[in-house]
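Residue numbers (my numbering), protein chains in the order written: chain C, 79 to 536; chain S, 602 to 877. We put the CB at the ideal spot given by N, CA and C, even for glycine. This structure is a prediction, so every number in the text was calculated from the model and none was measured. Read through the structure below, which is laid out as structure tokens, and then see the notes.
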Amino acid sequence: MVRLMVDAQAASTGENAAEAFLQGGASLRHAPGPYFGSYGGRWMPESLIAALDELEDTFEKAKADPEFIAQLHELNKNYSGRPSLLTEAKRFSEHAGGARIFLKREDLNHTGSHKINNVLGQALLAKRMGKTRVIAETGAGQHGVASATAAALLGLECVVYMGAEDCRRQALNVARMQLLGATVIPVTNGSQTLKDAINDALRDWVTNVHDTHYLLGTAAGAHPFPAMVRFFHEVIGEEARAQILEQTGRLPDAVCACIGGGSNAIGIFHGFLDDPSVKIFGFEAGGEGVETGRHAATITLGRPGVLHGARSYLMQDEDGQTIESHSISAGLDYPGVGPEHSYLADIGRVSYQPVTDAEAMDAFRLLCRTEGIIPAIESSHALAGALRVGRSLTEGKENPADTIVIVNLSGRGDKDVQTAAEWFDMLDENGQVKGTTLSTRKPKGPQGSAADSSEVQK
Amino acid sequence: MSEQITSKSAAAIDRAHREGRAALIGYLPAGYPDLQSTIDAGIAMARNGADLIEIGIPYSDPVMDGPVIQAATTEAIANGFRVASVFDVVRGITEATDVAVLVMTYWNPVVRMGVDEFSRRLAEAGGAGLITPDLIPDEASEWFAASDKYGLDRVFLVAPSSSPERLAMTVEASRGFVYAVSIMGVTGARAAVSSSAEQLVANTHAAGAKRVCVGLGVSNASHVREIASYADGVIVGSALVAAIRDGGVDAVGQLTKELSVGLQKPAAAATTQEEA
Ligand SMILES: Cc1ncc(COP(=O)(O)O)c(C=O)c1O
């Protein structure tokens, strides 16, 4: 059914296609896969098909099992801290043409981002399949931390693949994963970022699939991952929709999210896909500017291809080789995107636009200073986009506060403090935060060392 | 349909069978260390006992490859490898030898050129067909059409994890031979051949495959001998790539000769009994 639609109406008819679709009473919600229009599928080695079948089967049964749903709900509530808040950002809103901006506070979840929603669901499935080991890829480290967390909670072994470049950018998260008992494997192939981490995770999976579940961190990859990961994140959109109705009495005019692989975005979008009055925006990493070639604006500038198991928009050269993406944000630094987003782009239901590093960092600082919230740099792309959307939707309006925009604040920025300090020139020539090296007291030795303990005895 | 097209790969395997042995299939990536070396090494393989040759297209995201092939293909790309030059390699080898030359490729480079266009050019260069490690028959409708149109072989993979239904479906979809991966894992030399390979070959034959060749982890004559006792062909990859890396074209010829010693079916080669 879903497939029919894109073939018939495709990209050219744009927004009208989505509207016609919705007015016809059809739903864009709960698309089951494997195909979203002409996207998705299973472009995967045969060796992994049995595991994908097993996962699909386990997921479908679990979804229909009240006990599983209750278990997930219980963890979401009493472990992650759901529902996450919906916070009106009143001072930040002043910079958005006066539109009222509301933040969906996924940053307040346990481990600091939306990633935990998916990870708890998949880790429960891993247990159901009798797997004892989970592997994960991570870019920003948030998915790795969430995976390590769920593995610790449920008693699973955890190995996380992380590009060596990302390990550098997100060193704090490497330490967090290790503290949680996970093994972090730095990946030095290719661009040493997320796509290469996924390659190595797939190689591990194909070798160890008998006891290992690949806990993919975004709504991409081979079926059933895109539909399954979305399912675990749908709670974001469900909550946000109920919360905005409760707080303002109506639906928002727009919903904004950042797009890496697309999991936080599809999670919040899903709540509003069938509300034709709600405009939906996905913000991709524009890096140093899409005109420079150094970006990760996959839908904006890519073309359909197959990578990591799905047909979807892809940054690729004339030979079909994947192009390295660039973004200040490790979590958005991926040359692919989940297939459902490609479909939503083609039918015009969601507008995908690039946001540069500089725009994102401006929004990052603005949120810090107007709301007392340090956002993840990934989420800062959505914030920057929301400023743009707010200004454009309020243009010429007598009462700009009638315009309501929800932003998915997908994560908190603690992991990004080092990157932000570099960006805002807060470091001295030794890489230390300026003004933090003035103490004249003799430094103590490392705790627990021999020198230290003798000093303590004195 | 499939039967009306004469398969170059099947013909090469059948020729080996008539000589009382399994076929030897050697893999090298195009453009490593350069295109001329790939052609020369392909010719050297053909002259030293290889019946079929697989030319790999270096790809940015080779998820089924281990470190040796990854390093080689990464270097080839860094040296400026372009996908269209694979046709020159295929032509160079087929013109100089009578082996069947297949291209082994991840799917996106084919999609990018256009499945029909890629197939047309491959057939024009004299290629036998494609081995597609990340394309399953379920997603291959375009490739079915193009391979039928240009008379190319469709070599799909089966794995120890494949269900009986998938084995049957994949056998039905394939032309030329079926590629049985010996082990759950990626390419690369291994100390021993996995015991799952023999069962998989038996199951694949039982599912109706006339020709089943085994690859992944095959690196020496003793592996070749073991596999040749139950399979229709033996595929060697990483070991040959390591040979060209360390010793150039001559080393590839030398290794191929050594490997081919293991090809005789036990009955036909009673003199070469070694370990069980
Ligand atoms: C806070 C945060 N937001 C967004 C993303 C991007 O991923 P996705 O597009 O799957 O939500 C990441 C990925 O690491 C992240 O950590």
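Quick check on the DSSP output: the beta strand (DSSP E) that includes residue i runs from which residue to which?
i	result
K182 of chain C	R178 to R183
H151 of chain C	Careful: H151 of chain C lies outside any beta strand (DSSP E), inside the alpha helix (DSSP H) at P144 to L153.
G848 of chain S	Unbroken run through G848 of chain S is the alpha helix (DSSP H), S839 to S861; no beta strand (DSSP E).
K357 of chain C	K357 to G365
M705 of chain S	A701 to M705
L392 of chain C	G387 to L392
A214 of chain C	R211 to T216
V485 of chain C	I482 to L487
Just the C-alpha distance for residue i and residue j, rounded to the nearest angstrom, thanks.
i	j	result
L864 of chain S	S795 of chain S	18 Å
G299 of chain C	D274 of chain C	14 Å
K609 of chain S	I626 of chain S	13 Å
F303 of chain C	L130 of chain C	9 Å
P382 of chain C	I213 of chain C	28 Å
A611 of chain S	D735 of chain S	22 Å
A253 of chain C	H221 of chain C	14 Å
D717 of chain S	A724 of chain S	11 Å
T872 of chain S	W121 of chain C	Since pLDDT at T872 of chain S reaches only 43, below the 50 mark, its modelled position is unreliable, and the value read off the structure follows with that caveat. One C-alpha to the other measures close to 46 Å.
V787 of chain S	V483 of chain C	47 Å
A454 of chain C	A498 of chain C	10 Å
D185 of chain C	P123 of chain C	36 Å
D492 of chain C	S191 of chain C	11 Å
G326 of chain C	E766 of chain S	Checking the sequence shown, residue 326 of chain C turns out to be Thr, not Gly. Distance between the alpha carbons of T326 of chain C and E766 of chain S is about 55 Å.
W211 of chain C	L153 of chain C	First, the residue type needs correcting, since residue 211 of chain C is Arg and not Trp in the sequence shown. For R211 of chain C and L153 of chain C, the distance between alpha carbons rounds to 20 Å.
L841 of chain S	I658 of chain S	16 Å
G489 of chain C	K182 of chain C	10 Å
V664 of chain S	R648 of chain S	31 Å
E52 of chain C	W708 of chain S	Residue 52 of chain C cannot be examined here, being either before or after the span of chain C that is shown, 79 to 536.
A844 of chain S	V495 of chain C	48 Å
If you run the structure through DSSP and keep just helix, strand and coil, what is residue i?
i	result
T771 of chain S	helix
E418 of chain C	helix
E507 of chain C	coil
H311 of chain C	helix
Q87 of chain C	Since pLDDT at Q87 of chain C reaches only 38, below the 50 mark, its modelled position is unreliable, and the value read off the structure follows with that caveat. Looking at Q87 of chain C - three-state DSSP - the assignment turns out to be helix.
I654 of chain S	strand
G190 of chain C	helix
R120 of chain C	strand
Y633 of chain S	coil
E718 of chain S	helix
T515 of chain C	coil
E317 of chain C	helix
Y660 of chain S	coil
I337 of chain C	strand
A808 of chain S	coil
Y412 of chain C	coil
R466 of chain C	helix
G92 of chain C	Residue placement at G92 of chain C cannot be trusted, given a pLDDT of 48 that sits under 50; the coordinates are not used to answer.
P734 of chain S	coil
A729 of chain S	coil
A612 of chain S	helix
M665 of chain S	coil
M207 of chain C	coil
E235 of chain C	strand
K536 of chain C	Only weak support exists for where K536 of chain C lies, its pLDDT of 38 falling under 50; the value from the coordinates is given anyway. Three-state DSSP puts K536 of chain C in coil, outside helix and strand.
Thinking residue i and residue j are a contact (beta carbons under 8 Å), I'd like their distance in whole angstroms, please.
i	j	result
L329 of chain C	I337 of chain C	At roughly 22 Å, the Cβ-Cβ gap does not stay under 8 Å, so L329 of chain C and I337 of chain C are not in contact.
K141 of chain C	F309 of chain C	7 Å
L653 of chain S	L703 of chain S	6 Å
F347 of chain C	A332 of chain C	F347 of chain C to A332 of chain C, Cβ: 11 Å. No contact.
E317 of chain C	P161 of chain C	5 Å
Just reading off the alpha helix (DSSP H) that residue i is part of, what are its end residues?
i	result
I401 of chain C	Element bounds for I401 of chain C: n/a, residue is neither H nor E.
L280 of chain C	L272 to N286
H291 of chain C	Taken as a continuous stretch (DSSP letters only), H291 of chain C belongs to no alpha helix (DSSP H), being part of the beta strand (DSSP E) at T290 to Y292.
T227 of chain C	Q220 to L232
V368 of chain C	V368 of chain C -> no alpha helix (DSSP H), and no H or E assigned at all.
Q264 of chain C	Per the sequence shown, residue 264 of chain C should be read as Pro rather than Gln. Segment T261 to V265 is the beta strand (DSSP E) holding P264 of chain C; no alpha helix (DSSP H) there.
Could you check if residue i belongs to the surroundings of ligand 2, using beta carbon to heavy atom distance under 7 Å?
i	result
G365 of chain C	Absence of ligand 2 is noted for the structure shown, with ligand 1 being the only ligands found.
**Asked** Hey, is the segment 409-427 of chain C in contact with the segment 353-373 of chain C, meaning 3+ C-beta pairs nearer than 8 Å?
**Response** As far as the Cβ criterion goes, the segment 409-427 of chain C touches the segment 353-373 of chain C, which means the pair count is three or higher.
**Three-pair Cβ contact test at 8 Å for the segment 390-398 of chain C versus the segment 435-446 of chain C** = Short answer: they don't touch.
**Asked** Quick check: the segment 338-346 of chain C against the segment 443-450 of chain C, are there 3 or more CB pairs under 8 Å?
**Response** By the C-beta criterion, the segment 338-346 of chain C is judged not to be in contact with the segment 443-450 of chain C, since fewer than 3 inter-stretch pairs fall below 8 Å.
**Asked** Are the segment 366-378 of chain C and the segment 506-524 of chain C in contact at 8 Å, needing three or more beta carbon pairs?
**Response** The answer is no - the segment 506-524 of chain C does not touch the segment 366-378 of chain C, with fewer than three Cβ pairs under 8 Å.
**Request:** Taking 8 Å as the threshold, find out whether the segment 237-256 of chain C comes into contact with the segment 167-174 of chain C through three or more Cβ pairs.
**Result:** At 8 Å Cβ cutoff, the stretches do not touch.
**Prompt:** Do three or more CB pairs link the segment 768-782 of chain S to the segment 736-756 of chain S at distances below 8 Å?
**Reply:** The segment 768-782 of chain S is in contact with the segment 736-756 of chain S.
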